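J.: Have a look at this one before I ask anything.
In the UniProt record's numbering, the protein residues as written are 1 to 168.
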């Protein structure tokens, strides 16, 4: 689509900010982030797939998912559990995302507080994702495991997949 994803790393405040304007109307962008049937089409980096086991988008609600490489041997599957603390329809999601084992037991020290804001931008939507880490070391570790590239891929996939959904 020729869009640019802007990534800003702030080591002092231990946060990663990712922004992109997508050519998807606000309401459909929101649905793309809050409906499991949409999330499974685009969540995660290129050549990975997502399985949503639970998605209850409300304060206190839980989103449990797995990311796995499309081809065996090209990475290890990852299990995550996110708990929503704020849901403002068509505007903002805030959740704490945590790595887990396959039985959904949290991995110590892996909490990431994430906010996603949605703003109308012409006929599209400006998405802004801010992820806060408990320490600068955790931010560095996330960078090392490819989180920056993963978010860039994810937002490209989001725009492509939801655009396909719109055009049928």
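Yeah, the Cβ is synthetic: ideal placement off N, Cα and C, and Gly gets one too. In this text the structure is predicted, and so the values were computed from the model without any measurement.
Please state the DSSP three-state secondary structure of residue 35.
T.: In this structure, residue 35 counts as coil in the three-state DSSP scheme.
J.: Skipping 5 residues on each side, what residues in its chain have a beta carbon closer than 6 Å to that of residue 96?
T.: Same-chain partners within the cutoff: 83, 111, 113.
J.: Going by beta-carbon coordinates alone, are residue 88 and residue 57 separated by less than 8 Å?
T.: Cβ distance not < 8 Å, so residue 88 and residue 57 don't count as in contact.
J.: Would you kindly report the start and end of the unbroken alpha helix (DSSP H) that includes residue 20?
T.: Premise fails: residue 20 lies in the beta strand (DSSP E), 15–22, not in any alpha helix (DSSP H).
J.: Return the CA-CA distance between residue 98 and residue 164, expressed in angstroms with no decimal places.
T.: Those two C-alpha atoms are separated by around 30 Å.
J.: Please determine if the segment 10–25 and the segment 36–44 are in contact, where contact requires at least 3 C-beta pairs separated by less than 8 Å.
T.: No: the two stretches stay apart, fewer than three of their Cβ pairs being nearer than 8 Å.
J.: Counting pairs of beta carbons, one from the segment 57–66 and one from the segment 74–81, are three or more of them closer than 8 Å?
T.: Segments in contact, yes.
J.: Look at the alpha carbon of residue 150 and the alpha carbon of residue 134, and state the distance between them as a whole number of angstroms.
T.: Rounded to the nearest angstrom, the two C-alpha atoms are 20 Å apart.
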